[in-house]
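Colleague: When we follow numbering that gives the first Met the number 0, the leftmost residue of the sequence shown carries the number 0, and every step to the right adds one.
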Amino acid sequence: MMRSFRKRQWVFITVFPVLALVPAFSGSYQVRTLMAFLFYFLLSQCISLQAGQAGYLNLGQGVFVGIGAYASGLLVQVGLPWWLSLILAACMGVVVSGVLGPLLFRLGKEAFAIATLALVYVCFSATNMLRNITGGTDGLSVPMNGQLHGAFFCLLFLCCSAMAIGLLLPHLRLGYHLELTGSDPARAEAVGVPARFTMGKIYALSASLLTLGGGLFMMGEGYLIPSTVFGLRVSLLPVAMAMVGGLRNPLGPLVGTAVVFGFQEWLWSYAGGMEQTLLGLLLILAGKRQMLFQRLRMKLFP
C-alpha cells in the first residue's frame with residue numbers, strides 16, 4: 000500500500016508546493032483563477048471517490064457545495080469567525096448526507112445519478128424562494144476583509160487531503176468494500192459487508208469535503224448567487240474532468256482538471272458564448288475517452 004503511495008508522492012513534493020508559492024508572485028486575479036482550478040479539482044476528486052470505486056455517479060455535488068457556501072456565509076454575517084463557520088457548515092453537510100444517503104442508495108446506480116441531479120434543482124428553487132435569507136437572485140454578500148490568501152491556502156490544504164484520500168483509498172479496507180459493493184451489493188451483504196452503510200461513509204466523506212470547499216469558495220469570492228453553486232458547471236463539469244483523467248486512476252482528477260480547465264480558459268478567451276456547447280462536447284469526449292485512446296494507440300503502434 001505505502002509503496003504505491005510513494006510512487007505518486009512526487010505530486011505533493013512538486014505540484015502543490017509550487018502552487019503554494021503563487022500568491023507571493025501574483026495578484027488577486029491569478030489567485031482567484033488558481034482557486035477556481037483547486038475548487039474544480041476538489042469536485043472531480045469527490046466524483047472519483049464515489050464513481051471510481053463504487054460506480055455511483057453523484058451529479059448533485061452542488062447540493063453540498065451550496066450548503067457549505069450559504070451556511071458559512073450566513074454564519075459569518077451573524078458574527079461567527081470564518082473558521083468556525085466552515086466547521087459548522089461541514090457538520091451540516093454530513094448531517095444532510097446522513098439523511099439523503101439511505102434514501103438515494105435504495106434507487107440503484109442509474110436512478111441515483113438522476114435523483115442527485117434533481118436535488119440540485121430543488122435546492123436552486125428553495126434558495127430563490129428563501130430570498131429574505133439567502134438574497135435570492137440579488138445574491139449574498141459577505142465582506143471578507145482581505146481573507147483571499149487565507150481561503151486559498153485552506154483550499155490548497157483541503158485539496159492535498161482529498162488527493163491523499165484518493166491515493167490511499169484503493170489500498171484500504173473501505174476501498175475494497177466500496178468496490179465489492181459497486182460490483183455486486185448482494186454478494187457484499189452475503190460476505191458481511193454492509194453495502195448501504197459503506198456507501199454512506201464515502202458519501203458523508205465527500206459531503207464534508209464539498210461543504211468545506213463551498214465555504215472556502217464563498218470566503219474567496221465574498222459574493223454568491225444560486226446559479227454559481229447550483230448550475231450545470233458545478234454539477235457536470237467535474238464529471239467531465241474526472242472521466243477525462245480516468246475514474247479509476249488515482250491521479251486522474253488532477254490530470255483531467257488540468258486538461259479541461261486549461262482548455263476551457265483558453266477557449267473562453269476566444270469564444271466566451273460557447274460555454275454550454277463546450278460542456279456538452281467535453282461530456283461526449285469524456286464518455287468516448289477509452290475508445291479514442293485505443294484507436295490512437297493502434298494508429299501509432301499498429
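No residue lacks a Cβ here, since even glycine has one placed at the ideal position from N, Cα and C. Bear in mind the structure is a predicted one, so any value in this text is a computation, not a measurement.
Following the continuous alpha helix (DSSP H) through Arg87, name the residue where it begins and the one where it ends.
Modeller: What you label residue 87 is simply residue 88 of the sequence shown in a count that begins at 1. The question names Arg, but residue 87 is Leu in the sequence shown. Segment 81–103, the alpha helix (DSSP H) holding Leu87.
Colleague: So, using beta-carbon positions, are Gly100 and Arg172 closer together than 9 Å?
Modeller: By one-based count along the sequence shown, residue 100 stands at place 101. By one-based count along the sequence shown, residue 172 stands at place 173. Cβ atoms of Gly100 and Arg172: not closer than 9 Å.
Colleague: By DSSP, does Ser3 sit in helix, in strand, or in coil?
Modeller: Along the sequence shown, one-based indexing puts residue 3 at 4. Residue placement at Ser3 cannot be trusted, given a pLDDT of 49 that sits under 50; what the coordinates show is reported in the next sentence. Residue state, collapsed to three classes: helix.
Colleague: Can you give the Cα-Cα distance for Asp183 and Pro22, rounded to whole angstroms?
Modeller: Sequence index remark: in the sequence shown, residue 183 carries index 184 (1-based). Sequence index remark: in the sequence shown, residue 22 carries index 23 (1-based). So the alpha carbons of these two residues sit roughly 47 Å apart.
Colleague: Closer than 6 Å by C-beta to Tyr55: which residues in its own chain qualify, once you throw out the five before and the five after it? Chain order, please.
Modeller: Taking the sequence shown and counting its residues from 1, one reaches residue 55 at position 56. The answer, listed in chain order, is Gln49, Lys108, Phe111.
Colleague: Taking just the CA atoms, how far does Ala88 sit from Ala19?
Modeller: Along the sequence shown, one-based indexing puts residue 19 at 20. Along the sequence shown, one-based indexing puts residue 88 at 89. If I take the Cα positions, the gap works out to 25 Å.
Colleague: Between Met128, Ala241, Ala257, which lies nearest to Gln44 when the distance is taken from Cα to Cα?
Modeller: The residue you call residue 44 lines up with position 45 of the sequence shown. The residue with the shortest Cα to Cα distance from Gln44 is Ala241.
Colleague: Provide the residue span of the alpha helix (DSSP H) that contains His148, from first to last.
Modeller: On the sequence shown, residue 148 is found 149 positions in, with the first residue counted as 1. Start and end: 147–167.
Colleague: Name the DSSP beta bridge partners of Ser140, please?
Modeller: One-based indexing of the sequence shown puts residue 140 at position 141. According to DSSP, Ser140 bridges with Tyr222.
Colleague: If distances are taken between C-alpha atoms only, which option among Leu208, Tyr39, Leu246 comes closest to Ser234?
Modeller: Looking up residue 234 in the sequence shown gives position 235. Of Leu208, Tyr39, Leu246, the residue nearest in Cα terms is Tyr39.
Colleague: Is the number of C-beta pairs between the stretch 67–76 and the stretch 217–227 that are closer than 8 Å three or more?
Modeller: Verdict: yes, contact present.
Colleague: Under the rule that 16 or more other beta-carbon atoms within 10 Å means buried, what is His176, buried or exposed?
Modeller: Numbered from its first residue, the sequence shown carries residue 176 at position 177. With 16 or more Cβ atoms within 10 Å of its Cβ, His176 is classed as buried.
Colleague: Ordered along the chain, which non-local residues of its own chain (more than five positions away) have a Cβ less than 6 Å from that of Leu33?
Modeller: Along the sequence shown, one-based indexing puts residue 33 at 34. If we look at Leu33 and ignore the five residues flanking it on each side, its Cβ neighbours are Val21.
Colleague: Rounded to whole angstroms, what's the CA-CA distance from Val254 to Val243? Just pull it up for me.
Modeller: Sequence index remark: in the sequence shown, residue 254 carries index 255 (1-based). Sequence index remark: in the sequence shown, residue 243 carries index 244 (1-based). Each residue's Cα considered, the two are about 8 Å apart.
Colleague: If you run the structure through DSSP and keep just helix, strand and coil, what is Arg247?
Modeller: Counting from one through the sequence shown, the residue named residue 247 turns up at place 248. Residue state, collapsed to three classes: coil.
Colleague: According to DSSP, is Gln52 part of a helix, a strand, or is it coil?
Modeller: In the sequence shown, the residue the question calls residue 52 occupies position 53. Gln52 falls in the coil class under three-state DSSP.
Colleague: Taking C-alpha atoms, which residue in Val30, Gln52, Phe36 lies nearest to Tyr202?
Modeller: For the purposes of this step, residue 202 is identified with residue 203 of the sequence shown, where counting begins at 1. With distances taken between Cα atoms, Tyr202 lies closest to Gln52.
Colleague: Considering only the alpha carbon of each residue, which of Leu246, Val62, Val259, Glu264 lies closest to Pro169?
Modeller: Here residue 169 corresponds to residue number 170 of the sequence shown, with the count starting at 1. The residue with the shortest Cα to Cα distance from Pro169 is Leu246.
Colleague: Relative to the C-alpha of Ala117, which candidate in Pro237, Pro249, Gly261, Leu231 has its C-alpha closest?
Modeller: In the sequence shown, residue 117 corresponds to position 118, counting from 1. Cα-wise, what sits closest to Ala117 is Leu231.
Colleague: What are the boundary residues of the alpha helix (DSSP H) that Val64 is part of?
Modeller: By 1-based counting over the sequence shown, the position of residue 64 is 65. Counting along the chain, the alpha helix (DSSP H) containing Val64 begins and ends at 60–76.
Colleague: Need the endpoints of the alpha helix (DSSP H) that Ala110 sits in, please.
Modeller: In the sequence shown, the residue the question calls residue 110 occupies position 111. Per DSSP, Ala110 belongs to the alpha helix (DSSP H) from 108–128.
Colleague: Around the Cβ of Cys90, are there at least 16 other Cβ atoms within 10 angstroms (buried) or fewer (exposed)?
Modeller: Position 91 of the sequence shown, counting from 1, holds the residue named residue 90. The residue is exposed, with fewer than 16 neighbouring Cβ atoms inside 10 Å.
Colleague: Excluding the 5 residues flanking Pro93 on each side, which residues of the same chain have their C-beta closer than 7 Å to its C-beta?
Modeller: As a working mapping, residue 93 is identified with position 94 in the sequence shown. Pro is not the amino acid found at residue 93; the sequence shown has Val there. Contacts found: Ala203, Ala206, Ser207.
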